[in-house]
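Chemist: First the structure, which I've put down as structure tokens, then a few questions once you've had a look.
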Amino acid sequence: SCDASQLCNCSSMGLDFVPLGLTAKITVLNLAHNRIKHIRSQDLQQAVNLRALLLQSNKISSIDEDSFWSLAKLELLDLSNNSLAHLSPEWFGHLFSLQHLHLQGNSYRDLGESSPFSSLRNLSSLHLGNPRFSVIRQGNFEGIELLHKLWIDGSNLSQYEQGSLKSIKKINHMVINIRSINVFSEIVRDLLHSVAWLEVRRMAFSIPAEVQVLRVMSSSFARKISFRQTLLTDATVPELVSILEDMPQIMELELVDCRLLGTGEWEMQIQAKQSQTLRVLTIEKLSIEEFYLFTDLQSVEGLLSPFTRVTVRNTKVFLVPCRISQCLLSLEYLDLSANLLGDQSLEHSACQGGWPSLQTLNLSQNSLSDLEMTSKSLSHLGNLIVLDISQNNFGEIPDECTWPKNLKYLNLSSTQISKVTKCIPDTLEVLDVSANSLKEFRLELPRLRELYLTKNQLKALPGATPIPNLVALSVRRNKLNSFSKEEFESFKRMELLDASDNNFICSCEFLSFIHHEARMAQVLAGWPDGYMCDSPLAVRGARVGAVHLSPMECHRSLVVSLICVLVFLVILLLVAVGYKYHVVWYVRMTWAWLQAKRKPKRAPPKDVCYDAFVSYSENDSDWVENTMVRELEQACPPFRLCLHKRDFVPGKWIVDNIIDSIEKSRKTLFVLSEHFVQSEWCKYELDFSHFRLFDENNDAAILVLLEPIQSNAIPKRFCKLRKIMNTKTYLEWPLEEEQQEMFWFNLKIALRS
């Protein structure tokens, strides 16, 4: 169950005990979801280099006191969801490197008489609690001075000795799930100066007296307060606002998946010393049962002027009162997506004098239907630069509209429009009209730099003369069958043309232009989606049908007509055979492999400049670039990743770029998904990495399974992927938030190995 990086996955194997034969080579041991009941002294004695030990979801009820003593290098220990009735300080006494400890979901009632964590000087995150957890005593957290995250799940916690958490000097993120208001108040009293982000879960504030107990929060130095799955009422909201007003450093308030009983009739007494630091308000999925009776919130007008960013998403908002909009004097970003705003209500919401500083407005997924009225309602917003009104139902649009004078970015995708008119403002630099029913695009937009026309019904490229400054054009998933050399060359500043998933018909002139145009990449059947070729401009993934050219189309001379027919039939036969057995692909692959073989087997250490080369499909780029890259490149110490979009050398052949990037990287990290196995370029990268494994007799490949892949979905020519997945342990991306921290930890260990 162990791969070459010594990550051993023994989860879900029905084990009743820790396997025998563990050695010092093992770095990660996953024994989760088994039936282990007891951890013995000798079980882990030889695993002295273990970095992560995963024992969650077993039936562990007892652990010998010296079971973990040999694990001085252990950084993650997960004992969650077992049957531990008590915690012994002896278990953790020799875990000097431990950073992450998960103990939730057991059956212990308390943490003992003293601190079980006194020797864990490097502890970063700690997760405690279970339904039976009822007591926290003074001294239980002695020895811990700094935590990145502390999660206390104490739904039945009834006794808290004052000062128990005061020994922790700083907590970046504190998550509290406690029903008792009084216990919660006592805990917060000890955390006034140590917590930066306080997250409150599953609490009910039904009457003012319950909130008054939290008055101690007004002295807290927390910069962010989050409420999740929390109950509020008309009676308790004013009290809660009063407390937040007094907090000296609060900058952000977040309410997610909460419930409000009432109609907004709040008796608010605005203090002269209202919060001068609160700038960001986020409300998502707020449930208001009688939302249609909600008031105009006149009572909170005096609190709104400092806000710069407000998000109210998926909360059934159908109107923002004009007076509220006029009070948002500093607002620069407003997200009202996935609500119920209509044309009339938007006109009232964006009234004269409302949102005077607004720069970005998101109104996607609402009930807007009149584009002329929408543009007119927003026309007075002189500072508005970005407007997203996608996923509304505009249908036909008028010939003339009035827009904000500085508008530069407009998103009209998925709005059911069938044609574009001069209603579109000529001030735009970026326009997205994807996923509509457009058959042509003939607008004059002199400043436009990016145009997105994906998933329409275009049969020809838009004219270049009306949009002379266009740099990027996407016409994916349209009905293009050809375009001329003159059409292409008319775009003088074009850097990227994405024309994949169209229906190009091969004429002699078209093929000749495609193959010989110096500024353009090849348009070939099956060109892998998501990659650019070795020129400044790329037409990616364009589907070219089988070439059926009559002799007269290619050769006018009747003398050579018969020869052309014969040659054509032979070529057609070869293409059919090559297509069936992937001959062309293997020839290209062999040529690239021969080139790679002539290079040194391993780049000199001074040339290895990346921790990992990341191979992924373009369809998975959102997760890779916004989640994985941010997590790894902002780690401490940070990892240096090689991404094709960012690090490939422009003008260089794509195959050379791939080979060089793999050679200059210590590891090759594959993000596997259904899209990955459909990508030809991912196949190239997988094979080049596989050649390296055979040449160097090592294991430089790391597999991350982003989503389950059916075996019958893997093409036959991905035989090496089938083999590697059968012989290597791979990491699976968990959907549960609690498991993602363990995923990142395992991935970082694999990258460092």
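Numbering (UniProt numbering), first residue to last: 1 to 753. In this text, a Cβ means the ideal position worked out from N, Cα and C, and glycines have one as well.
Do residue 802 and VAL471 have their C-beta atoms within less than 7 Å of each other?
Modeler: The displayed coordinates of the chain run from 1 to 753. Any statement about residue 802 would go beyond what the structure contains.
Chemist: By how many angstroms is the C-alpha of ASN9 removed from the C-alpha of ALA701?
Modeler: Approximately 17 Å between the Cα atoms of the pair.
Chemist: What do you get for ASN746, buried or exposed, if any count of 16 or more other CB atoms within 10 angstroms of its CB means buried?
Modeler: ASN746 is buried by the Cβ-count criterion.
Chemist: Expressed to the nearest angstrom, what Euclidean distance is found between the alpha-carbon atoms of LEU120 and SER621?
Modeler: Their Cα atoms are separated by approximately 38 Å.
Chemist: Compute the beta-carbon to beta-carbon distance between residue 772 and LEU751, rounded to the nearest angstrom, for a pair I have assumed lies under 8 Å.
Modeler: Within the shown structure, residues of the chain are numbered from 1 to 753, placing residue 772 beyond reach of any answer.
Chemist: Give me the residue from LYS149, LEU157, ASN182, VAL183 with the minimum Cα distance to HIS173.
Modeler: Of the candidates LYS149, LEU157, ASN182, VAL183, the one whose C-alpha sits nearest the C-alpha of HIS173 is LYS149.
Chemist: From this set, SER67, LEU244, GLN104, GLU145, which residue's C-alpha is nearest ILE176's C-alpha?
Modeler: Minimum Cα distance to ILE176 is reached at GLN104.
Chemist: Three-state secondary structure (DSSP) at GLU161?
Modeler: In this structure, GLU161 counts as coil in the three-state DSSP scheme.
Chemist: Rounded to whole angstroms, what's the CA-CA distance from LEU632 to TYR610? Just pull it up for me.
Modeler: C-alpha separation (whole angstroms): 12 Å.
Chemist: Out of LEU453, ILE36, THR263, point me to the one whose CA is closest to SER287's CA.
Modeler: Out of LEU453, ILE36, THR263, THR263 has the C-alpha closest to the C-alpha of SER287.
Chemist: When the Cα of PHE117 is compared with those of VAL135, GLU145, PRO734, which residue comes out closest?
Modeler: Closest by alpha carbon: GLU145.
Chemist: Tell me the DSSP secondary structure of TRP69 in three-state form.
Modeler: DSSP places TRP69 in coil when its eight states are reduced to three.
Chemist: What is the DSSP secondary structure of ALA701, reduced to helix, strand or coil?
Modeler: Three-state result, ALA701: strand.
Chemist: Which partner residues of ASP388 appear in the DSSP bridge assignment?
Modeler: Answer is ASN362, ASN411.
Chemist: Starting from PHE670, trace the beta strand (DSSP E) in both directions and tell me its first and last residue.
Modeler: Note, PHE670: beta strand (DSSP E), 665–672.
Chemist: What runs of the beta strand (DSSP E), each 3 residues or longer, lie entirely inside the region 138–195?
Modeler: The region 138–195 contains these whole beta strand (DSSP E) runs: 146–154, 170–178.
Chemist: Which residue's Cα is closest to the Cα of VAL28: LEU15, GLN42, GLU210, LEU55?
Modeler: Among LEU15, GLN42, GLU210, LEU55, the Cα nearest to that of VAL28 belongs to LEU55.
Chemist: Name the residue from VAL320, GLU267, LYS455 whose alpha carbon lies nearest to the alpha carbon of PHE291.
Modeler: It is VAL320 whose Cα lies nearest to the Cα of PHE291.
Chemist: By how many angstroms is the C-alpha of PHE141 removed from the C-alpha of HIS94?
Modeler: Computed Cα separation, rounded: 17 Å.
Chemist: Taking the C-alpha atoms as reference points, what is the distance between ALA24 and ARG51?
Modeler: Whole-angstrom Cα-Cα distance: 11 Å.
Chemist: May I have the straight-line CA-CA distance separating ARG132 from MET203, to the nearest angstrom?
Modeler: In a straight line, the C-alpha of ARG132 is about 18 Å away from that of MET203.
Chemist: Looking only at C-alpha atoms, which of PRO89, LEU569, PHE294 sits nearest to GLU113?
Modeler: Ranking the options by Cα distance to GLU113, first place goes to PRO89.
Chemist: CB-CB under 8 Å to ASN130, same chain, minus the five flanking residues each way: which ones, in chain order?
Modeler: Result list for ASN130: GLN104, GLY105, ASN106, SER107, TYR108, ASP153, in chain order.
Chemist: What does the Cβ neighbour count give for THR277, buried or exposed, with the cut at 16 atoms within 10 Å?
Modeler: So THR277 counts as exposed.
Chemist: Check whether the Cβ atoms of GLU372 and PRO398 sit closer than 7 Å, and answer yes or no.
Modeler: Yes, these two residues count as a Cβ contact at 7 Å.
Chemist: Spatial neighbours of ASN207 within its chain, please: CB distance less than 8 Å, with the 5 preceding and 5 following residues excluded, ordered by chain position.
Modeler: The sequence shown places Ile at residue 207, rather than the Asn named in the question. Contacts found: THR233, ALA235, THR236.
Chemist: Please work out which residues of its chain come closer than 7 Å, Cβ to Cβ, to SER180, disregarding the five sequence neighbours upstream and downstream, and give them in chain order.
Modeler: The answer, listed in chain order, is LEU157, SER158.
Chemist: Can you list, in chain order, the residues of its chain whose CB lies under 6 Å from that of residue 755, leaving out five sequence neighbours each side?
Modeler: One cannot answer for residue 755 here, as it falls past the ends of the chain, which runs 1 to 753.
Chemist: Could you tell me how far apart the beta carbons of LEU453 and SER474 are, in whole angstroms, since I believe they sit closer than 8 Å?
Modeler: LEU453 to SER474, Cβ: 6 Å. Contact.
Chemist: Could you pull out every unbroken beta strand (DSSP E) segment of at least 3 residues lying fully inside the region 460–498, listed in chain order?
Modeler: Counting only runs of 3 or more, we get 472–474, 496–498.
Chemist: Roughly how far, in whole angstroms, is the beta-carbon of SER325 from the beta-carbon of CYS351, given that I think they are within contact range, below 8 Å?
Modeler: Indeed, because the Cβ distance is near 6 Å, the residues count as touching under 8 Å.
Chemist: Give the DSSP-derived three-state secondary structure of HIS380 in the structure shown.
Modeler: Reduced to three states, the DSSP call for HIS380 is coil.
Chemist: For MET520, count neighbouring C-beta atoms within 10 Å of its own C-beta (all shown protein chains included) and say buried if the count is 16 or more, exposed if not.
Modeler: With a pLDDT of only 48 at MET520, under 50, the local geometry of the prediction cannot be trusted, and no value is derived from it.
Chemist: Where does ASP611 fall in DSSP's three states?
Modeler: Three-state result, ASP611: strand.
Chemist: Could you give the distance in angstroms between the alpha-carbon of ASN366 and the alpha-carbon of SER218?
Modeler: Approximately 37 Å between the Cα atoms of the pair.
Chemist: Tell me which residues share the same chain as LEU329 and place their Cβ nearer than 7 Å to its Cβ, disregarding the 5 neighbours each side in the sequence.
Modeler: Counting only Cβ-Cβ distances below 7 Å, and skipping sequence neighbours, we find SER305, PRO356, SER357.
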